[in-house]
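In this note's numbering, the protein residues as written are 39 to 104.
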């Protein structure tokens, strides 16, 4: 990244559900409270077990999680 900027906190919701025989985790964010469309869905990230494990391995390496 050329420029790192710390973002403010936003509302997020976490959903975990079985879908098509596999477990999926979805994190949905709703943007800043001062945005034009307050409460509008902003970003959605979906992780299956493989993607969640990859993310966890990165977090273990970077943050020392066990």
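Note that beta-carbon positions come from the ideal geometry of N, C-alpha and C, so glycine has one too.
Please read all numbers here as calculations on a predicted model, not as lab measurements.
(message) Going by DSSP in three states, residue 98 sits in which element: helix, strand or coil?
(response) In the chain shown, the residue the question calls residue 98 occupies position 60. Three-state DSSP puts residue 98 in a helix.
(message) Quick check: the Cα distance between residue 107 and residue 63, rounded to an integer number of angstroms?
(response) Nothing about residue 107 can be reported from this structure: the residues present for the chain run from 39 to 104 only.
(request) Kindly indicate the opening and closing residues of the beta strand (DSSP E) around residue 60. (result) Translated into the one-based positions of the chain shown, residue 60 becomes position 22. Residue 60 -> beta strand (DSSP E) spans 60-67.
(message) Between which two residues does the beta strand (DSSP E) holding residue 104 run?
(response) Here residue 104 refers to the residue found at position 66 of the chain shown. Unbroken run through residue 104: none, as it is neither H nor E.
(request) For residue 54, name the three-state secondary structure that DSSP assigns. (result) Within the chain shown, numbered from 1, the residue matching residue 54 stands at position 16. Residue state, collapsed to three classes: strand.
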